[in-house]
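Reading through the structure tokens given below for one structure.
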């Protein structure tokens, strides 16, 4: 395994991209190319949660995915710094896909909570000038092939998580609040999306996922949506490994990663057969 930290430099700031790249072996397939997942942990845009970082990366490895964790900038009011860092990370991974044995058509951005807002932001803005004008990159190099959104922050209008938008925009950029209500930014360019949420999430209400899913349906974007009946916010994998006094172990939600891995394979089969 290649396990290292790579500096992602944008605007004289530095984010950390941590790699969990699986090895290939002659015994199995020396030229095997795997899907890759870029993980954006949550934390209300004030920190990046370790509970939604390495344990998720290891679980993705166990499903046969390469994994990367982006510890993006969480300075108060610093939009679009984190989004630029995610786009830059996507560009780096795509450019190194052959070296790292990554399937270029299966680069997936995964986000939890506020990290879900970040992941979905790349999903809706990758083709827009908001990124191109600042990074001067080829748009196709920052395009995610799919999104995995876990109890995501989506709306700044309905059932919003106030702290996430406050931390992201601060006071000076409150005029961008409407633009960052991502259900309003969905277009035909948004990639296929897998979403899961819990019905009893009181921190980021389930309506966030439902609003985004509804808009995806309008554009016939391939979608899989799972709503679990019970569970607090921030469950991550829902296992004992990530449980604390605040974050419960929830065996009934642990199958989301199994369903996601099956969904990714189905997406590839659809593309192959089309």
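In the numbering used here, the protein residues as written are 25 to 298. For each residue, glycine too, the CB sits at the ideal point set by N, CA and C.
{"Asked": "Can you tell me which of 266, 263 and 99 puts its alpha carbon nearest to the alpha carbon of residue 194?", "Found": "99"}
{"Asked": "Are the segment 254-270 and the segment 207-225 touching by the rule of at least three beta carbon pairs closer than 8 Å?", "Found": "yes"}
{"Asked": "Here's a check: name, in chain order, each residue in its chain whose Cβ is nearer than 6 Å to the Cβ of residue 209, leaving out the five neighbours to either side.", "Found": "148"}
{"Asked": "In whole angstroms, what is the alpha-carbon distance linking residue 199 and residue 192?", "Found": "12 Å"}
{"Asked": "Should the segment 135-148 be regarded as contacting the segment 174-182, the criterion being three or more beta carbon pairs within less than 8 Å?", "Found": "yes"}
{"Asked": "Let me know the secondary structure DSSP gives residue 131 once reduced to three states.", "Found": "strand"}
{"Asked": "What residue range does the beta strand (DSSP E) around residue 118 cover?", "Found": "Per DSSP, residue 118 belongs to no beta strand (DSSP E); it is in the alpha helix (DSSP H), 105-119."}
{"Asked": "Candidates 128, 122 and 172: which alpha carbon is nearest residue 146's?", "Found": "172"}
{"Asked": "Check whether the Cβ atoms of residue 108 and residue 155 lie closer than 8 Å to each other.", "Found": "yes"}
{"Asked": "Report yes if the C-beta distance between residue 130 and residue 60 is below 8 Å; otherwise report no.", "Found": "yes"}
{"Asked": "Could you compute how far the alpha carbon of residue 125 sits from the alpha carbon of residue 45?", "Found": "9 Å"}
{"Asked": "Taking C-alpha atoms, which residue in 164, 106 and 159 lies nearest to residue 151?", "Found": "164"}
{"Asked": "Quick check on this structure: which residue in 211, 272 and 221 has the alpha carbon closest to the alpha carbon of residue 243?", "Found": "211"}
{"Asked": "What's the C-alpha gap between residue 246 and residue 49?", "Found": "34 Å"}
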